[in-house]
Structures are given as structure tokens and as C-alpha cells.
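These protein sequences, in sequence, are chains V and L.
Count the first sequence with our numbering and you get residues 16 to 310, in order.
Count the second sequence with our numbering and you get residues -16 to 445, in order.
Glycine included, C-beta positions come from ideal geometry on N, C-alpha and C.
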Amino acid sequence: MNTMNSSITSEASPQDEATVPVPESKPTDTVIEEGKTVGKPYSDDAKFKLRDVEVFYGESRAIKKISLDIARNEVIAFIGPSGCGKSTFLRCLNRMNDSIDICRVKGSLQLDDQDIYDSKRDVVELRARVGMVFQKPNPFPKSIYDNVAYGPRIHGLANRKSDLDEIVENSLRKAGLWEEVKDRLDATATGMSGGQQQRLCIARAIAVSPEVVLMDEPCSALDPIATAKVEELIAELSESYTIVIVTHSMQQAARVSHRTAYFHLGHLVEVNETNKVFTSPEHELTESYITGRFG
Amino acid sequence: MQPANLFLLTLVLAVLAYGFGYARSRSLAMPLGGIRHLKSLPFYYGARAALWSGIPALLVLGLWAAFQGKVIQLIVVGGLPPELVPNTEGQASLLLSKISNVASGALPVGFVEAPIAEAAERLQALRAQSRMLMSVLVVAVAVLAGFLGWLRIRPRLNARSQVESILKWLFFACAALAILTTVGIIFSVAFETVRFFGKVPFTEFIFGSQWSPQTALRADQVAAEGAFGMIPLFTGTLLISAIAMIVAVPVGLLSAIYLSEYANRKVRGVVKPLLEMLAGIPTVVYGFFAALTVAPFISDVADSLGINASSQSALAAGGVMGIMIIPFVSSLSDDVINAVPQSLRDGSLALGATQSETMKKVIFPAALPGIMGGVLLAVSRAIGETMIVVMAAGLAANLTANPLETVTTVTVQIVTLLTGDQEFDSAKTLAAFALGAMLFLSTLLLNVIALKIVRKYREQYD
């Protein structure tokens, strides 16, 4: 699988990094000290413990010494201008970067104190625990039922048909989709609306009962009403899952997340409680970004 | 002038018309203040003039060239004295070939009767006249129509939409030509097939299990009665095609999967062209590889195992044919698999599926219609393949399912029936057309069935 995912290339490849439109005003003059993050990057109850993470595409460094804790059952939002490496960083958490030949990851990444990039690590098990929802809804061209049942089937989560039915129904209920689709579970998923498809993808992800759900700009392809529904859903899911969401919409980050992390050119500049980041950012780059001076 | 030269001349005239049209539209645009005041770009005015000049002239040329022979014949035969006018069709064609032989000088004038010599002279004169007339007419049409097209160029003229609609019809004509050719082939085969069934009963052909078409050509020849049962031929074709597909489909498909999902860029860059090179080897080469290397090897192995095998076998032909077909399957499947969006792969992998689970459950179903298309193409290649079978499987029409025996196929029999001295009203020759018709029907049926299957099971991604 040597074809690079397009969203990665546009998000974090070295070429793009060079062409990120950096205005001539203040922010560029600010020197970012490598590995230095202001705010509160660490937590006592860490689900993910990430230390000095670096990601290389070939020779160029897309992520520069990032250290961060992601707490249990929190919703953390990654924000930052295009090409700042937030998607790349997100994809390290369930090793979705593995399929890119030239991508290398350095540093220590731990999930529940176990190394994610350990050579003995079972990627299948990791991904079953850390689910992912993508930027563009990507339901399989199968029936709605088969989409949700896909994960449970490959992991053998249901012994009987009735168990599987239950998992499918529960997942669709949690995703707030059950009432809309219960009469047409056999219909093909690609015939649904964009918002429904994205909620189906969320249902598909939670059907394998993961502990963490990664969301890579889950609403960027949706209209405002569908976006509102997905955001509602994220709020509900936060009770039982750890959620990491990459978003371009600062309003969205403000609405759904507990903590917000601001990325800039591969650096993690600032992490803090969301309301703090948006009301009184400590770093001047963060301030410039959230006030719309660049980005 | 010869029609070919005339054709070239017409093209030149059309190009000239283009140049003049282009120039005139520019010069018309000049006083208005540039070509942006024209309704269309100068290119379209030129193209319009060229099409006006070329198309009618070529139509006249084509029609004239198609019908001049027949018309001249009618005039020549009509001018013969009554005692020489032929009674039957056979006599007529004999007479005509005699006349044209005299006209071309192949037959000296002294050897034929005076009226025929006269007719030959008339034929020659008529041909010269016709050629002359054709040249004048075509050139006149090209020049006149081109001039008219040139003359009617106005700044307000919407040449663009005219050219577009003419082009649309041209494209349609090309598409129609392909369809008409197919229809023509079907009809020519169908007529001979009907004639064949006039000589051999339909049921005997369809259900007969004996194939030995060697009938006597002349009354004094000693030969068998001839049996025209197509079953052994079709089972032979099926057997060999099945063996070929058993080799080609798994190997081709799995190598496509390897190339598109597992191989890194370097390996893919080397392996794919090498694999496709298999398709460039002429079938004759495969044929002698099968006949001289594979077939003896198979019979040796079978002998050492105590199984009786003939030196030419369906297995050898089918196996080598399968190797020949691998690149068809792999190349087409590879393209289709690559066309499946990366987002589906990511979606599956992110759920904790392994690469092979992703392949089996997501990519393969999504790529299935395209893969089926590739396999179908391969099947029709296998059914139509002749050379390897002639060389490696033999000519004996055995009704058997044993791949170690020698069998023959429909296409091989068509070749043997139609090569060498033939008489076109014997059942033996006509049988070739009947076989062709049956082959056509069965591949058509295969296509229809496969289309139905694909439609039923396709998983459409958008």
C-alpha cells in the first residue's frame, strides 16, 4: 500500500509545510523553542502518555518533539493552521501512519503505559482499542447493517446473530442513527446523506467498543445541521470514551472539547483548558491564531 | 485519377479551404477591431469551410467508387449481341472475367470471339471515362462547396456551433460504423449457417457426439460419410478454457493483489512491466513452448506415475494458455484495485482489520465488477485462442473430460475446415460458419450472464 493518503500529503508533507502562507507580521518573528509547550500538557490520569514525539517524512521533520498527556475520558481538540501536523500527530495514536513507506516515528508513545510503537505490539489490537473517524465519511459500499457489523465480525465479538444484532442496534443508537435507519438496515450505506454517513462511521467505530475515538476533522464535509448533530453526539460519547478531535473550526473546538492543543509548524505551542485557551491564551501565537490574525 | 489519389487531393483542398476560411474571418474581423468581435474564433470559420469542402466531396467519391463497377458491367453486358448474353449467373461471371482479362491484356485479343473483344474495348473506354468523370465531379464539388463555405463567412455567423454539430455527427458515424460492421459479420455468418442447416439437420449438429467432417469433395473420391456433431468440439473448448482459467485467474488475481496492496514502489516498478511482457509474446511461440517442452514433460510425468497420457494433451495447451492470459487478468485487476479509494482501506484498517481482511472484505467486493470484466476478457481470449491448441492439443475430436488426452477446439476446427482447397457449397465448408455462429452465441450468452452477476453483486462506491 504505497499510495499516500491525500489528506496526509496535504496536511503535513514537507512540501506543504514550506508553502504554508505565513504572514509577515509578528507571529513569524516569534521563535518557538523546541519541545517547549506552555499551559498544562500533562495529566495525572493519562490514557496516552506521549513524550518527545517526532515524525519524519523521508528527511523532513513534520512533528518536532511534542510531549503531551491525553487524560482518560476527556475530549481534547487539536487546532492549528493547515500543515501544522495535527493530523499527522493524530494518526500516530493508532499507527495509521504505518501504511506510508517514508514515514518514521520517534519518541515514546504509550497507551495505558504500554508502548504503541513497540515492535511486538499487535496493531490490530491497538486499532480495536483506538478507533478512528475520518475527514470524509467513508462507509463501505455495503449495507448499513454490514458496515456496523464489520468490526465486531472481524474481531469475533458476537457468537450469535442475535448478539451481533444487539451490537449493531446499540451502536446505531449511540450514534443517534437508529431511529432514522432501523427500517432500512439492508439498504446500501452510500445512499445515505453525508451527515448520516458520518454518523454511521462513528457507529462503526464504536461498535468494536474502543477506549479512544480519534476524529480527523469529522465535520469538515458536513452542513451546519449535520455538524450540530455530530457535535451533540461527541458530547454524549465523551461520557464513556476518550476523544481526540482535530478541527479547523475554533467554535467547534470551543463547543465540544475539555482541553485544546494548539499546533504550529510541527510544534505543540500551547495546551490548556478550552475556555482558558480561548479567553486568555498564554502564547502570542495562540492568541494570533484564535483572534484570526492568521491561519 | 485513382480514387486513392483523388482522396488525397480532396484532403488537400479541404486544408486549403481551412486556410482561406481562417484568413477571411481574420480579415473580416480587422475593420471591426479584432477577432473578439467575431461570433466564433477564426479556427472555427476555417474548420467550417474545410468540412463544407471535404465532406460532400468525399461522399461523392465514396459512392462513385462503390457503384461504378456494377454500372459499367451492366452497360457492357447490355451491349453484347443477343446470342452471347449469359443465361445463368455462373456463365455471366465467367463471361465478365473473360472480358476484363482481355481488357487488361492478360488474354490476347486473338483468342476470343470478336464481340467479346469489342466488349473489352468498351469496358476499357467506360472505365477511363468513369475515372475522368469522377475526378472532375469530386474536385468540382470540393471547390464549389468550399468556395460557398468561404463566401458565407460573416462576423455574425456562429461557426462554432455548426462545427460542433458536424463533429457530433462525424463521431456518431464512426460509432455507427463499428456497429454496422458487427451486424454485417453476424449476417454473413448467419446466411451460411442457414445454408449449412439445409444440408445437415440442426439436431444432429447440436446433439451429435461425433465430429469427422472429411467428406468427399468429388464424386470419385473415397471418403467417410462425414459426421457433424459439435459436442466434442465444444467440450474440448470448454476443457481447455477451463484449464487456462484455473491457471490464469488465481495467479493473475493474486499477483494483482500483491502488486497493488503489498509490493512497494520499487518492486512494483520492476514486476509489473515484466508481467506485462508475457502478453507481448506471440502465440506461436507459446505454441511451440507448449508442444515441445510442456506437453512431453506432462506425458513423461504421467508415464512415471503409471497414467496413460498422450503426447499432445489438453493440459499442456490449457496450462500454457493460462500463462499467456495471466497478464490480462493481473493488469486489469491491478488497475481496478488501485481505483478503489484509499479512504475505504483506511476505514477498514482503522477498525483493526488486517491487510488481508481489508482486501477480502472491502477492496475485493468493491473491485469485483472490474475484476469480472478482466476475467471475461480472459475467457474470450481463451475461447478464441487457436495457435497453442493446434500445436499442443492436436486435431483429434475426442469427446473426453480427461485433460491428459488430445482434444480439439471449435476455433481449430474452423481453421482446418477453411484452409486448403475448398468448395463453397459442401457441408464441410459451411460447417465452419455454423461453428462460428455457435461460438458467437455462446460468448454472447457468457457476457450476458456475467453482466447479470456483476450487476447483482456489485458494491458501488462513490
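Determine which residues share a DSSP beta bridge with methionine 230 of chain V and list them.
V:Val148, V:Ile260
Report, in whole angstroms, the separation of the C-beta atoms of serine 316 of chain L and glycine 357 of chain L, which I expect to be a contact under 8 Å.
5 Å
What does arginine 142 of chain V touch in chain L if you count any residue whose Cβ is under 9 Å from its own?
Leu332, Ala333, Leu334, Gly335, Ala336
Can you have a look at glutamate 89 of chain V and say buried or exposed, based on whether 16 or more other CB atoms are within 10 angstroms of its CB?
buried
So what does glycine 54 of chain V bridge to, in DSSP terms?
V:Val286
Mark tryptophan 194 of chain L as exposed unless 16 or more other C-beta atoms lie within 10 angstroms of its C-beta, in which case mark it buried.
buried
Contact between the segment 124 to 133 of chain L and the segment 28 to 38 of chain L is defined here as three or more beta-carbon pairs at a separation below 8 Å; is this criterion met?
yes
Do glycine 95 of chain V and histidine 279 of chain V count as a contact pair if the criterion is CB distance below 7 Å?
yes
Spatial distance of alanine 108 of chain L from leucine -4 of chain L (CA atoms):
28 Å
So, is the C-beta of proline 156 of chain V closer than 7 Å to a C-beta in chain L?
yes
Among V:Trp193, V:Glu254, V:His298, which one has its Cα closest to the Cα of asparagine 86 of chain V?
The displayed chain sequence assigns alanine, not asparagine, to residue 86 of chain V. Residue V:Glu254 is the option with its Cα nearest to alanine 86 of chain V.
Of all Cβ atoms in chain L, is any one closer than 7 Å to the Cβ of methionine 207 of chain V?
no
Whose CA, out of V:Pro296, V:Leu65, V:Lys151, V:Ala220, lies closest to the CA of glutamine 129 of chain V?
V:Leu65
Sufficient close CB pairs (3 or more, under 8 Å) joining the segment 95 to 102 of chain L to the segment 0 to 11 of chain L:
no
Expressed to the nearest angstrom, what Euclidean distance is found between the alpha-carbon atoms of lysine 197 of chain V and serine 186 of chain V?
12 Å
Which residues, taken in chain order from the segment 170 to 202 of chain V, show a beta carbon closer than 7 Å to some beta carbon of chain L?
His170
I think valine 395 of chain L touches valine 373 of chain L, with their Cβ atoms under 8 Å apart; what is that distance to the nearest whole Å?
5 Å
Candidates V:Arg219, V:Gly210, V:Arg136, V:Leu141: which alpha carbon is nearest lysine 157 of chain V's?
V:Arg219
Leaving out five residues before and five after cysteine 107 of chain V in sequence, what residues of the same chain have Cβ atoms less than 7 Å from its Cβ?
Val68, Val70, Val120, Leu124
Any C-beta of chain L sitting closer than 7 Å to the C-beta of valine 70 of chain V?
no
Measure the Cβ-Cβ separation of tyrosine 28 of chain L and alanine 125 of chain L and say whether it is below 7 Å.
no
Please decide whether asparagine 153 of chain V counts as near chain L, where near means a Cβ-Cβ distance under 7 Å.
yes
Name the chain V residues that come within less than 7 Å of leucine 327 of chain L, Cβ to Cβ?
Asn153, Phe155
Would you mind telling me which residues of chain V sit closer than 7 Å to valine 254 of chain L, beta carbon to beta carbon, in chain order?
Result: empty, since nearest Cβ-Cβ is about 13 Å, beyond 7 Å.
Going along chain L, which residues have a C-beta under 8 Å from aspartate 116 of chain V?
Asn247, Arg248
Going along the chain, which residues of the segment 338 to 351 of chain L sit with their C-beta nearer than 8 Å to a C-beta in chain V?
Gln338, Glu340, Lys344, Val345, Pro348, Ala349
Quick check on the DSSP output: the beta strand (DSSP E) that includes valine 120 of chain V runs from which residue to which?
118 to 126
Methionine 147 of chain V at chain L interface by Cβ criterion, 7 Å:
yes
If you run the structure through DSSP and keep just helix, strand and coil, what is threonine 369 of chain L?
coil
So, for glycine 166 of chain V: in the same chain, excluding its five sequence neighbours on each side, which residues have a beta-carbon less than 7 Å away from its beta-carbon?
Arg219, Ala222, Val223
Could you say which of L:Gly335, L:Met304, L:Phe347 lies nearest to proline 324 of chain L if we only look at CA atoms?
L:Phe347
Partner residues on chain L for tyrosine 160 of chain V, Cβ-Cβ distance less than 8 Å:
Neighbours of tyrosine 160 of chain V on chain L: none; closest Cβ ~14 Å, over 8 Å.
Could you spell out the range, first to last residue, of the beta strand (DSSP E) harbouring glutamate 69 of chain V?
61 to 72
How big is the Cα-Cα spacing for lysine 55 of chain V and lysine 62 of chain V?
15 Å
Can you grab the Cα-Cα spacing for the pair tyrosine 277 of chain V / leucine 237 of chain L, in whole Å?
46 Å
Separation of glycine 191 of chain V from arginine 214 of chain V, as counted between CA atoms:
8 Å
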